[in-house]
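Down below is the structure, laid out as structure tokens.
Number of protein chains: 2
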Amino acid sequence: MNIQDAARLCSLPRKTIRYYEDVGLVTPGRRGNGYREFDRSDIVRLSFIARARGLGFSMEDVRGLLRLQDNPVRRSAEVKALAKSQLAKLEHKLSEISKMREELQDLFDACLGDEGASCAILDGLAQTK
Amino acid sequence: MNIQDAARLCSLPRKTIRYYEDVGLVTPGRRGNGYREFDRSDIVRLSFIARARGLGFSMEDVRGLLRLQDNPVRRSAEVKALAKSQLAKLEHKLSEISKMREELQDLFDACLGDEGASCAILDGLAQTK
DNA sequence: CCTAGACCTTCCAGTCAGTGTAAGGATAAT
DNA sequence: ATTATCCTTACACTGACTGGAAGGTCTAGG
């Protein structure tokens with residue numbers, strides 16, 4: 050299977066698949082003409098990566114997850130620890146962004162949004178508290 | 050005032066202040082010896098940028114906000130429009146990350162996290178749905 | 001006057017996870 | 001044979017900084 054079909058099957062851009070090969074996450078075979086040849090196991094691996102990235106895992110973490118996935122004597126506790134750390138990161142981000150939204154919403158609500166120059170948002174940003 | 054004191058007053062790393070000058074957001078004066086000289090208005094401007102960045106505005110947006118701040122005949126409606134778009138971005142991010150967390154939490158809960166190799170998290174990532 | 005340490009400067013490279021583009025080779029359909 | 005669509009590599013760029021090297025300046029103490 051060529052890269053285009055692989056891309057369709059794992060829902061990743063071709064460029065991204067080449068990049069993942071560059072950084073050593075996948076090693077599809079090569080045909081005589083230099084074309085990459087993707088088989089079923091490459092697609093499974095790429096989909097695994099895509100899903101892990103979709104949960105926000107860093108490339109470094111994905112590497113760890115793949116290492117565990119490839120290791121038949123892994124301990125699921127180790128996987129769970131990675132997941133826990135990632136959950137914490139997601140929750141941290143959520144609270145950060147949620148705080149930003151609240152602050153911005155307050156400024157937004159205080160701003161008249163009319164044709165005048167006076168603006169509570171700019172005032173809020175400029176204030177030397 | 051030298052850059053170190055400026056950095057303290059606006060709560061930004063020195064490196065970041067130099068970067069903001071590089072990209073044209075601030076233009077502190079220069080002394081005879083080549084050192085930057087920050088005055089009160091530079092600090093206000095840097096704090097403005099820091100606060101806007103803290104609300105998640107992109108550098109591009111910050112540029113727009115500064116342009117409006119500098120323009121005495123601005124319409125506050127324009128500022129409010131920027132804020133609205135930023136609020137929408139924050140909410141989009143929140144829902145994305147919230148979805149990630151939910152999915153990951155489900156896998157996390159299903160994983161035994163013991164000394165065995167069987168792992169619901171890896172299975173969830175590997176499944177070819 | 002000299003020196004040590006703490007400032008300051010510029011410039012270049014690296015981060016993360018890709019994405020865009022150019023130049024060129026291979027294959028498939030007509 | 002031609003055209004269109006694939007495929008390849010290599011390099012540059014993104015955002016928003018951050019780190020480090022190499023070198024100039026300033027201040028305090030001896």
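Top line first, the protein sequences correspond to chains B and W.
When we follow our numbering, the leftmost residue of the first sequence carries the number 50, and every step to the right adds one.
When we follow our numbering, the leftmost residue of the second sequence carries the number 50, and every step to the right adds one.
All C-beta atoms, glycine included, are put in the ideal place defined by N, C-alpha and C.
Remember, it's a predicted structure, so these values are computed and weren't measured experimentally.
Under 9 Å from the C-beta of residue i: neighbouring residues of chain W
i	result
B/I66	Correct list: empty, because the minimum Cβ distance to chain W is about 17 Å.
B/A101	L174
Between the CA atoms of residue j and residue i - distance to the nearest angstrom
i	j	result
B/I98	W/L174	8 Å
B/R35	B/L74	Any property of residue 35 of chain B remains undetermined from this structure, which presents chain B solely from 50 to 178.
W/L48	B/V72	Residue 48 of chain W is absent from the structure shown; chain W starts at 50 and stops at 178.
W/R63	W/R150	35 Å
B/R102	W/S147	15 Å
B/R116	W/L161	19 Å
W/G165	B/Q154	48 Å
W/R89	W/N51	12 Å
W/D119	W/D110	14 Å
W/E140	W/F157	25 Å
B/M108	W/E145	19 Å
B/Y84	B/R100	26 Å
W/E152	B/D163	42 Å
B/S134	B/K142	12 Å
Cβ neighbour criterion (16 or more within 10 Å) applied to residue i
i	result
W/A132	buried
B/P77	buried
B/Y69	buried
W/S125	buried
B/R80	exposed
Residues of its chain near residue i, where Cβ-Cβ distance is below 6 Å and the 5 sequence neighbours each way are ignored
i	result
W/Q176	none
7 Å Cβ cut-off: residues of chain B touching residue i
i	result
W/A126	G162, D163, E164
W/V93	A175, T177
W/S96	T177
Amino acids of chain W, ordered along the chain, whose beta-carbon sits closer than 7 Å to that of residue i
i	result
B/L61	Chain W residues near B/L61: none, gap ~14 Å exceeds 7 Å.
B/F45	Lying outside 50 to 178, the shown extent of chain B, residue 45 of chain B is not represented and no answer is given.
B/E152	L104
B/E140	R150
C-beta contact flag for residue i and residue j at 9 Å
i	j	result
W/I66	W/L104	no
W/C168	B/V128	yes
B/A55	B/F87	yes
B/L61	W/L171	no
Within chain B, partners of residue i - CB distance below 9 Å
i	result
W/V122	A166
W/L74	Result: empty, since nearest Cβ-Cβ is about 13 Å, beyond 9 Å.
Interface partners of residue i on chain B, CB under 8 Å
i	result
W/A132	L153, L156, F157, C160, I170
W/I146	G105, L139, K142, L143, I146
Nonlocal neighbours in the same chain, by C-beta distance under 8 Å from residue i, ignoring five residues either side
i	result
W/Q53	R63
Beta-carbon proximity list for residue i, same chain, < 7 Å, skipping 5 on both sides
i	result
B/I92	A55, L58, C59
B/A159	A169
Chain W residues whose Cβ lies nearer than 8 Å to that of residue i
i	result
B/Q135	L153
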